[in-house]
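Report on the structure given below.
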Amino acid sequence: MAVWRWMVVFAALALLGACAPAQPDRQRFFWPPDTSEARIEYLDFYEKAEDVRRGAPARISEAILGRERPRPLFSRPVDVASDGKGRFYVSDAESRRVHVFDLNRFETRVLQDENGQPFGFRLPHGLAVDAQGLVYVSDIHAHQIFVFGPDGRKLRSLGQGHLENPAGLAVSPDGARIWTAEPQQHRLTRLDADGNLVQRLGRRGNRPGGFNYPLDVDLDAQGNLYVLDSLNARVQVFDGEGKFLRLFGERGTALGSFQIPKALAVDPEGHVYVTDARAHRFVVFDLEGRHLLTLGAKHSAADGVAPGGFLLPGGIDADPAGGIYVVDGLNRMVHRFQYINDEWLAAHPIRPGEAAAK
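Counting with mature numbering (1 follows the signal peptide of the UniProt record, and there is no 0), you get residues -22 to -1, 1 to 336 for the letters of the sequence shown.
What follows is the structure, given as structure tokens:
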């Protein structure tokens, strides 16, 4: 993995460049803004069903100019998960639905029960997708995890009698290891593919291995477990069996620190993404906890959509194809970014004049 040696913060004033005259047909947004060092590109946003059927460049232009938009699809979006193949899922706590965005079929729908009716969650929260396309949803008030097939219909439920308030989810690619954070119990719980209790990890505290409202979890390519220890304002890392390895992060306003961290994701390239709701941004680290990038600024979508602008960001996911999805809580939308690796750059070269002015 190439280690990033740069830091940059996106400012909302950067959007002024998108409204300047004589711009190319397509404006692209990168972080850092120097295209020779760009590592993340803004691709799209989703707030209504029509957004999967219209072209991204046209919609982004309209949104930046502040044109009237239809009513958002989401009421209180919480988490997001992508399969890396053109389909992503968004949990909505208020509507008690999980929305499916299918970019290949240009349609949206919701997860369903065995009879093809909208599934009746009580309080859906965490989401995960395994390599077979199975979708896992934690339901805090139902005290269990529901599993859906790639067709979006319920297959089974897991964790009955073992879970109290499951929130963030992490599932190994083969579905054999299922980790969930239980914030109110200040612990993590591990289940197997059949829902049997395998392990509990942690208790309330601020020492290594102790938690203070852990909200989210994810796994890296080696099977190590990353835990967002929210009220301790840090990330803790454990091996696949739950042995403590290291921690990083601290509370503060400096680059690389957290104010109120809400969710995390680990990508296949070896980067850890953490959303910070109060700071309206997300922070990127390498697997050892070295700070690489801070991206985001406070922005209300009532004034138009701002690439890199958030209002209380929440759930985040990094998929196998390099896609980065961020729930923009109070703006009631999901933003899609792309990690720029060699494969992406070869297929989407950055041409002169395409980068939006910063």
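Every residue, glycine too, gets a C-beta built ideally from N, C-alpha and C.
Collapsing the DSSP output to three states places P291 in a strand.
Y303 is bridged by DSSP to D295 and R314. The stretch 319 to 331 makes no contact with the stretch 260 to 272: fewer than 3 CB pairs, one atom from each, lie closer than 8 angstroms. From the listed residues H277, N202 and Q110, the smallest Cα separation to A255 is found for H277. Taken through DSSP and simplified to helix, strand or coil, V30 comes out as helix. Look at S150 here: in three-state DSSP terms it is coil, with no helix or strand label.
Sequence-distant partners of A154 (beyond 5 residues in either direction) whose C-beta falls short of 8 angstroms from its own C-beta, in its chain, are D170 and A171.
The stretch 303 to 322 and the stretch 120 to 133 do not touch, with fewer than 3 CB-CB distances between them shorter than 8 angstroms.
DSSP places D70 in the uninterrupted beta strand (DSSP E) bounded by R65 to D70.
In this structure, DSSP gives P161 a helical state, which the three-state scheme calls helix. About 3 angstroms separates the Cβ atoms of R259 and G274, confirming a contact at the 8 angstroms cut-off. Residue S116 holds the alpha-carbon nearest to the alpha-carbon of G137 among A148, A280, S116 and F126. For L193, the enclosing beta strand (DSSP E) has its first and last residue at P192 to L197.
Straight across, the Cα-Cα distance linking L270 with G94 is about 44 angstroms. Scanning V304, P285, D295 and V312 for the CA closest to the CA of A334 turns up P285. At the C-beta level, D108 and V68 stay beyond 8 angstroms of one another. Cα atoms of D207 and Q316: separation of roughly 26 angstroms, rounded to the nearest angstrom.
Of the candidates S60, R6 and Q200, Q200 places its Cα closest to the Cα of D217. Contact check for A59 and L105: beta-carbon distance about 4 angstroms, within the 8 angstroms limit, so the pair qualifies. In the three-state reduction of the DSSP assignment, E321 falls in the helix class, which pools H, G and I.
Within the stretch 242 to 292, no alpha helix (DSSP H) run of at least 4 residues lies entirely inside it.
For L225, same chain residues with a beta-carbon under 8 angstroms away, outside a window of 5 residues either side, are P186, D207, R212, V213, Q214, V215 and G267 in chain order.
For F23, the CB contacts under 6 angstroms within the same chain, skipping 5 residues up- and downstream, are V283, M311 and H313 in chain order. If you draw a 10 Å sphere on the C-beta of A120, you find 16 or more other C-beta atoms in it, and that means buried.
Taking all protein chains shown into account, L175 has fewer than 16 neighbouring C-beta atoms within 10 Å of its C-beta and is therefore exposed. In terms of CA proximity to G287, T253 leads the group A299, G300, T253 and T158.
Closest option to A145, judged by alpha-carbon separation, among P102, Q110, F126 and L290: P102.
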